Each structure stands twice: as C-alpha cells, then as structure tokens.
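**Student:** Input: one structure, supplied below.
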Amino acid sequence: MPEKHDSKAAAKAKSSPKEEEVRIGAYTCYCGGNISDVVYCEKVAEALAKLPNVVVSRTDMSMCSDAGQAKIEEDIREHGVNRVVVGACAPSLHEQTFRGTVQRAGLNPFFYHHVGLREQDSWVHHDRVAATKKAIRLMSAGIAKARLLEPLEHIRLSAEKHALVIGGGIAGLRAARDISRRGLKVTLIERSPFLGGHMAQLESIFPTEEDARTVLHGLIEEVAADPNITLYTSSELTGVRGYVGDYQVQITQQSRGVDEDVAEEAMAACTLEVPDDYNYGLTQRKVIYKAYPGCYPPTPAVDWKNIPDGKLELKMNGKKIKLENKPKTIDVKVGAIVIATGFTPYEPRKGEYGYGELPEVVTMPQFIRLLAMAPKGEELVINEKPVRNIGFIHCVGSRQIDDVHEPQPDGEVNNYCSRVCCTATLHLANDLRHRFPDLNIFDVYEDIRTYGRGHEDYYIEASENRVVFLRFHGEEPPEVVASPDDDVSPVQIKLKDYLTWGEEVEVPADLIVLAVGIMPNPVDDLINLLKVSPGTDRFLLEVHPKLRPVETAVPGIVLAGTAQGPMTIQESCAAASAAAAKVSVLLSQGLVELEPYVARVDLDLCKGSGECVEVCAYEDAITLESMTIGGKEVKRAVVSPANCAGCGACVSACPNRAIDLQGWTLGQYQSMIEAIVAEIPAVEIES
Amino acid sequence: MGQESNAGEPKVLILATLSGGYAGADSVGQAHAEYATNTYILPVVCPAMFPEEFYIESFERGIDAILVMFSGTDCPYKGGAERTAQIINKVYPMMKERGIDTRRLRLVAICTVCTKPFLKEVTQVNELLDEIGHVAAEIAAGPSVQAPAS
Chain L
8 MPEKHDSKAA AKAKSSPKEE EVRIGAYTCY CGGNISDVVY CEKVAEALAK LPNVVVSRTD
68 MSMCSDAGQA KIEEDIREHG VNRVVVGACA PSLHEQTFRG TVQRAGLNPF FYHHVGLREQ
128 DSWVHHDRVA ATKKAIRLMS AGIAKARLLE PLEHIRLSAE KHALVIGGGI AGLRAARDIS
188 RRGLKVTLIE RSPFLGGHMA QLESIFPTEE DARTVLHGLI EEVAADPNIT LYTSSELTGV
248 RGYVGDYQVQ ITQQSRGVDE DVAEEAMAAC TLEVPDDYNY GLTQRKVIYK AYPGCYPPTP
308 AVDWKNIPDG KLELKMNGKK IKLENKPKTI DVKVGAIVIA TGFTPYEPRK GEYGYGELPE
368 VVTMPQFIRL LAMAPKGEEL VINEKPVRNI GFIHCVGSRQ IDDVHEPQPD GEVNNYCSRV
428 CCTATLHLAN DLRHRFPDLN IFDVYEDIRT YGRGHEDYYI EASENRVVFL RFHGEEPPEV
488 VASPDDDVSP VQIKLKDYLT WGEEVEVPAD LIVLAVGIMP NPVDDLINLL KVSPGTDRFL
548 LEVHPKLRPV ETAVPGIVLA GTAQGPMTIQ ESCAAASAAA AKVSVLLSQG LVELEPYVAR
608 VDLDLCKGSG ECVEVCAYED AITLESMTIG GKEVKRAVVS PANCAGCGAC VSACPNRAID
668 LQGWTLGQYQ SMIEAIVAEI PAVEIES
Chain X
1412 MGQESNAGEP KVLILATLSG GYAGADSVGQ AHAEYATNTY ILPVVCPAMF PEEFYIESFE
1472 RGIDAILVMF SGTDCPYKGG AERTAQIINK VYPMMKERGI DTRRLRLVAI CTVCTKPFLK
1532 EVTQVNELLD EIGHVAAEIA AGPSVQAPAS
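Which chain is which? The protein sequence lines are L and X, in order. Sequence positions in the first sequence follow the numbering used here and run 8 to 694. Sequence positions in the second sequence follow the numbering used here and run 1412 to 1561.
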C-alpha cells in the first residue's frame, strides 16, 4: 500500500506543539472492506499525501487492530508525526481507541481527529468515484482541523466520595444500595414520609410472580441497615451549588410530627381524615398515618401536605396536644446526584371513558388496590357489588393522537407508549381468571405490546383461558356509556372491533378498568435547580439513548428509573444499577476527570460586556470578575470549567469573539469548511 | 483526471449535533440507505455556538446549502434549542440583504434514529439546489434576485 514518509525533523516532534512544525499522519482505513469496497482508499491516501503538513499518509485493512495502531505509534515515534487523523468507522466506536493510541506514543490525546468514512460515506453511497472524492474532502476537512488542534487536558477535580439519590422508590433504593456496595457514601432523600414508591402499592409482579412488597422490603431492609446510607424521608432538594465532584446540596426535611414513643398513640387519637393516596383516594385515612402495614419507617408520620397551616391539635389521654411542622435544612456535600423521582399514573379527565362520572370505571392502579381489599372467595366483589363481567381498556393516557385526545396542560398529548400497561393488564387478567373462574373478562386493546422476556407468555395464557380480545383503532377509541336500565350490566364499552373487520360491538360490564399510562412525576423544581432537560414527553433526557443512556448533559447528574421514561420494575432496577455504576466510576478515585470541551476566554479580546453571562443557562459556569490588566481594574469573563456544560452559547453571544469552545473552535470549523469547498488534490480515480 | 474541483456540484454542509443529527446520520449509514454524495457532515456539540456571521461566511466560502440538524426540543443542553433558533432567525434577514435565498439554510430536528427525516431533508435540499443552483451566483448578483423567504 502506498505510503508517504517524511523523516525530516522527526526528532523534534513531541512537545511544545505551538512552536513546532505541524506534522500530520493521515490514515484511511479499509475497515475490512466496509470502506474499501466503495471508496478507493489508496487514492484517498495518495491525495491526502499532497496536502500541506501531511507527512505520513497510509491505508490499513483495519486501523483499529493492534497492527494498525502500532503503525500510528511508530509514525509518531519514528517519523515525527504530531497530529493524527484517522478516517474509519463512526467516531462513537473508535475515537477513544485512537486517542489512547496517540497518548501511548507520547502525544497529547487531543492531537487526534476522527473522520467517519464508513457510516457517512461508504455505507450510504454506491458511486465509487463520487464516494472517493467525498472521502478525500472529509479527510481534508479533518486534516484542516488537525492543523489547528491544541493540546488539551482533561479537567481534573477532587470529588466527594458521596452521592445524593433523589427518590426512595425501587430505582432510588437500588441505586443507593449499589453505590454503597462500591464503598461510597449515599444520602437518599424521599419526598413522602415512607419509602417504597409505587411498588409498595402493587401485589404480585411480573414476570416472576413474586409479592411486590416482599421484594421491596428486602431491599429496604438492606438500605436501612447500611451504615454507608443516610436516609431522609419527608425531604426534598431545595438548593444546589457547585459542580461535579463537589455539589453542595441543601435538603429540606418536614417534621415527622410525632415522637416515636407516642406516635402510635397519637395516630389512634387522631380523628382528622383525608383521602388515602396509598389506595389512590378510594378510601380515607387519618392525617397521622402509616402508608400501609409493614411500611418503612414504621413510625407514623403527620401528613403535613393535607394540613396547610402546618399545625395540628389532638387530644391524647384527655390532654390537648399541639403538633407543629418545623422543617429543618440539612447541608451535604456530594460528588454526584442520581435522579430517581419516578412516575405518576395517568389520571384520566372527568368523563374520559366515563371516569369520575360512572362509579364502575376505575384505573388499573385503583383496581389493584380494590382487588387487594376485596373479600376472598370464588366471586369477585368490588365495593360490595358482584362483578361478573369486567372490561379492560388499553392505552388510556398513552399513544394519544392530536385532535383525537385532549392535550395535557402543556398543550401536548401523551403520544408515547407507556410500555408496561399491556403486560400489566394481561398479568392481572390471568390472575383474575385463576381466582374467579366464572368471571367474563374482556380485553379492549389497540395493540398488544408484550415486549419483554416472558411477557408474551401472559398474552398466550390469556388467549387460551377465555379472555375475550377486541381491537380498536387509535383514531376511533372505544366509548364507555351507562347501560340502558334493563340491561344486565351497569356500563357498556362500545367500539368498532377490528378483529371482526369493524363490527360495532357493545361489551356489557360491571366494572371497567382503564389501563392508564405512566407520566413523570412533576419535577419542575428539580429541573430548575439541576439544569437538567426534559423531553417533549416531559420525562428527563439522557445525553444519548445508546451511548450515554443514564447521563444528563450536566456532569455528575444521572438518571435512574421512570423519571427517564416508562419502565418495568425490572428495567428500573437495571437503569438504577447503570446509574450507580456511572456514579461509582466517577467518584471512586476521589478525582473526577472531565472532557476538556468547555468554553475558554481570550482575555486579550474580552471587553467584559457580559453577553456571555446573560446567555449562559448554567449557574456559575461563566461570571464577570474584577481583575487588573495593564494597570487598570477591569471586569472580564471567567469560565468555571467544572460548571461549564460546553454548549457554546457564550461563543455565539460574545460580540468580540473572545470566547471559544476548546476542541471545537470556530476557527477549526471555518478551516474545515474551507477544505470542503477547496479543490481536491489531483489524483487519478478509477471509474 | 487533473485537479478535481467539483465546481459543478453544489455542496451541502450538514452541522449535526452529536446527540442528534450526527448519530442520526450514523443510523442512516447503519441502514445502508443511499443519499447524495454532495453532503458533508460536521459534528457539533450544540449549534448554539455558531454566531450569525458564521453561516453567512460559509455561504460566501461556497457552501450552497446548510442543514442544521439538531436535537430540537430534546437538546440535552439547557436553552440550546431556543438559542439556536434565535440565531438562525437572525441569519435569514442577513441572507436576504446579500441576495442569498433563505431556503438554503434550514434548522431541522433530527434524532438519533431519524433515518427517514434525514433522508427527506437531504433529498429536499438537493431538489432545491437543482432549482436554484450555486450560491455564488446569488451573492454575485446581489439582493435584486433574492427569492422569497421560506
């Protein structure tokens, strides 16, 4: 394969890059034929060799192989190459590989640029000549950028070996436990007075058929007994300063309200009742309460959110006792934050499928509680009424369509699939079939999405066990109406059934269960405090769904569980473990290493005009600070690399072009564009 | 073949965010879906970094169309989408002043798996370039031949 070597000045290659000659090694990878089957790689290498500063231009069957990397290392050591450009597969796959290669050979790892020739050239073009010319231009652009590369250093910050986990549901508990197991301290805060989240409201869980609270309590016991984990219930995050490795967080904790030694007595004496959120408002409970028998912590708490003035009087043993909420604040320094704020079930509008108007219509979370409270026996009895016909309706509050469904207050419909409801519905239908063999079960669905391992079995079982399926189209959702007086059942589901080619069907029902979707818990306060971003579906956003699936764009802040999107318990635990692994890797050395792609101010150009500060969305990332320049007291922009997210908004805002983004400078982009529009070096390309 | 200038081929610059359009373009590649070769994709962290004149200068350098493929409202950077949209909106009148057809610049939301929208944008921009040709002619002629704003 043709190669260009220029050994002159090889000796003066390694350091002091600003003063030394730029000597670029350009490497065009065959990618085992993935690139070379379309791109004439030898012609690319030949053309690149003619560009200024290119002292080595090679091809290789596989640049990422040990042999391929060894060639680069040899060229750096033996031929004085001090900038490296590789054209190969996508940068997401091997950019880090080649950064390591150049670093091993003694170069700054950021003297490297990666060009994607496979996904963005050879795999999308069939015209070999045109694809080859494109490869030359793309590589030329990479080389143009390489001429302007500067040595960069990872940002290294000391890190607290301590993480904050927000949310005491299954994801938060799991994340806390996993982080602790790696030797880090954890502070876990939970907004409600009790741990467990929505999982505590479930009975058996798919696909293992275990008892939900048994599984949950095992985890709670581990967390509660863990000396590395500090728990604060009735607590919320109310302040954050700092940056990855050193977040100073303020937690505000509401009073539990009653002393542990008299709490049970106070609960017994309490007469004020409110809707019980554990049973989704179907029953009443006292304002001094335990979430459910066996909950943790076991001490009753006062439900201050239902006592607006924060004061409660009760009589105990003939004495009048005044209870008062006295919130306290707790300051903690942590290196990273896990957001595990969970979900809330979709609450149908009044009248949506009869909800809130017809007493026979309930949501699935409500039905699970009703079923748990129902008397034992061979007949299903709900609210003292026998149920002979039950209908489930899927996709309530999920997969909504503009102009068919009412939007949420933000004007958006929930157009996403909530993922868990299909299997949850079928799991429940099968459970009902086993317990109440004579019950007629109707399942009204749009699509059945039993996507997880073992989930399809629930569908097969339901199909084989007299669960009657009916299918509607999203644009024609079913209607729920009261039955005529003489009908056998109090309500009906009316739909056009597409399993019978559009037949109009009326399903009689004594109870209708709406398989409601999942919505994120409202966390606007956290979004503002932590500067994380929600998506259009209101769930919190990761940086990249595949490459950085649990990280937010804010360094050191990661996502766990359904705060990020609809997930099963199994998936929530997996996501929580991934978040814990990220936190552990980040903090375990007591030192945080960040990519150096942050804003940089040129003090010679900065006039202290402050537009950068105004446009920056990240607290303390860029500030105007007083300093003495040329004997004058002036204000100049100063970047805090640890707080800077590297979005570059300040770059465009600066009227003096005094700010740039390290590693992605405007000058580098301009040079790349010049290379794209420039004439390419003369080479004969076959056709 | 001598010096290869490709002067006849209009050039489309695609500024694609790492969290959106760039990964979307990689998805197109993984799907082996074919599109025109006159497209040059540069990765960007967030297009909020580019000032208005960056776009004008790119046209003046000879880029015939620019597609800014960002993550839209899914931008992981706080305020990044809004800031980018503000900048692009300011570029349009600057383009008009110079006689550059404003359809040559498009801000589009492309996600990591948006293969069809990516292909549609590339097809549409090339259809436009077939119709209006090189930017250099517009710049040389000045504002009198500007096309109506899109």
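Here a beta-carbon is modelled for each residue, glycine too, at the ideal position from N, C-alpha and C. Just so it is clear, the structure is predicted and the values come from calculations on it, not from any experiment.
What whole-angstrom Cβ distance do V122(L) and M146(L) have, given they're in contact under 8 Å?
**Tutor:** 6 Å
**Student:** From Q373(L) to N286(L), what distance separates their C-alpha atoms?
**Tutor:** Distance between the alpha carbons of Q373(L) and N286(L) is about 7 Å.
**Student:** Do T1428(X) and V1455(X) have their C-beta atoms within less than 8 Å of each other?
**Tutor:** yes
**Student:** So, do the stretch 230-238 of chain L and the stretch 536-552 of chain L have three or more beta carbon pairs nearer to each other than 8 Å?
**Tutor:** no
**Student:** Evaluate contact between the stretch 130-150 of chain L and the stretch 51-71 of chain L, counting only Cβ atoms and requiring at least three cross-stretch pairs below 8 Å.
**Tutor:** yes
**Student:** Need the endpoints of the beta strand (DSSP E) that K639(L) sits in, please.
**Tutor:** 639-646
**Student:** How would you label E549(L), buried or exposed, when you count the other beta carbons within 10 angstroms and need 16 or more for buried?
**Tutor:** buried
**Student:** Going along chain L, which residues have a C-beta under 9 Å from L1478(X)?
**Tutor:** Result: empty, since nearest Cβ-Cβ is about 14 Å, beyond 9 Å.
**Student:** Cβ closer than 7 Å: which chain L residues qualify as neighbours of A1459(X)?
**Tutor:** C654, G655, A656, S659
**Student:** For P1421(X), which three-state DSSP category applies?
**Tutor:** The DSSP-derived three-state label of P1421(X) is coil.
**Student:** Kindly list the residues whose CB is nearer than 6 Å to the CB of G1491(X), restricted to its own chain and excluding five residues on each side of it in sequence; keep chain order.
**Tutor:** So the list reads C1457, A1459, once near-sequence residues are dropped.
**Student:** For the alpha helix (DSSP H) containing I1467(X), name the first residue and the last one.
**Tutor:** From DSSP, the alpha helix (DSSP H) with I1467(X) extends over 1463-1472.
**Student:** Given that T1523(X) touches chain L, what residues does it touch there, using C-beta distances under 8 Å?
**Tutor:** H551, P552, K553
**Student:** Excluding sequence positions up to five away, which residues of its chain have a Cβ less than 6 Å from the Cβ of A178(L)?
**Tutor:** A347, A567, G568, S579, A583
**Student:** At a CB-CB cut-off below 8 Å, which residues of chain L make contact with V1456(X)?
**Tutor:** The contacting residues are Y604, G653, C654, G655, L668, W671.
**Student:** Step through the CB atoms of chain L and report whether any lies within less than 8 Å of the CB of Q1441(X).
**Tutor:** yes
**Student:** What's the C-alpha gap between Y34(L) and F117(L)?
**Tutor:** As the crow flies, the alpha-carbon of Y34(L) is around 16 Å from that of F117(L).
**Student:** Along chain L, which residues have their Cβ under 8 Å away from the Cβ of I1511(X)?
**Tutor:** Per Cβ cutoff of 8 Å: no residues; I1511(X) is ~15 Å from chain L at best.
**Student:** For V29(L), which three-state DSSP category applies?
**Tutor:** Here V29(L) carries a coil assignment [DSSP, helix/strand/coil].
**Student:** Which value, in whole angstroms, describes the spacing of the CA atoms of P98(L) and A153(L)?
**Tutor:** 15 Å
**Student:** Look at the alpha carbon of V294(L) and the alpha carbon of N528(L), and state the distance between them as a whole number of angstroms.
**Tutor:** 23 Å
**Student:** On a CA-only basis, which of R1514(X), P1528(X), D1437(X) is nearest L554(L)? Give me that one, please.
**Tutor:** D1437(X)
**Student:** Identify every run of the beta strand (DSSP E) within the stretch 524-605 of chain L, keeping only runs that are complete inside it and at least 3 residues long; order them along the chain.
**Tutor:** Whole beta strand (DSSP E) segments, 3+ residues: 525-527, 564-566, 598-601.
**Student:** Taking Cβ-Cβ distances shorter than 9 Å, what residues in chain X pair up with V345(L)?
**Tutor:** What V345(L) touches in chain X, judged by beta-carbon distance under 9 Å, is nothing: the nearest beta carbon there is about 17 Å away.
**Student:** Starting from D82(L), trace the alpha helix (DSSP H) both ways and give me its first and last residue.
**Tutor:** 73-86
**Student:** Is the stretch 55-75 of chain L in contact with the stretch 123-136 of chain L, if contact means three or more CB pairs nearer than 8 Å?
**Tutor:** no
**Student:** For D134(L), decide whether its Cβ has a neighbour in chain X, counting only Cβ atoms nearer than 8 Å.
**Tutor:** yes
**Student:** In terms of residue numbering, what span does the beta strand (DSSP E) encompassing D492(L) cover?
**Tutor:** Segment: none, D492(L) is in no beta strand (DSSP E) and carries neither H nor E.
**Student:** Looking only at C-alpha atoms, which of L223(L), V565(L), G524(L), S490(L) sits nearest to D517(L)?
**Tutor:** S490(L)
**Student:** When you compare the CB positions of V369(L) and V256(L), do they come within less than 8 Å of one another, or not?
**Tutor:** No, Cβ-Cβ distance for V369(L) and V256(L) is not below 8 Å.
**Student:** Taking L330(L) as the reference, which of D73(L), M274(L), A379(L) has the closest Cα?
**Tutor:** M274(L)
**Student:** Just list the residues that DSSP pairs R292(L) with in beta bridges.
**Tutor:** In the DSSP output, where bridge partners are listed per residue, R292(L) has V281(L).
**Student:** Any Cβ of chain X within less than 8 Å of the Cβ of E126(L)?
**Tutor:** Interface criterion met: the Cβ of E126(L) is under 8 Å from a Cβ in chain X.
**Student:** Of all the options T635(L), V641(L), A649(L), Q571(L), which has the alpha carbon lying nearest to the alpha carbon of Y604(L)?
**Tutor:** A649(L)
**Student:** How long is the line joining the alpha carbons of G398(L) and V512(L), rounded to whole angstroms?
**Tutor:** 13 Å
**Student:** Mapping DSSP to helix, strand and coil, what is S417(L)?
**Tutor:** The question names Ser, but residue 417(L) is Asp in the sequence shown. D417(L): coil per DSSP, three-state reduction.
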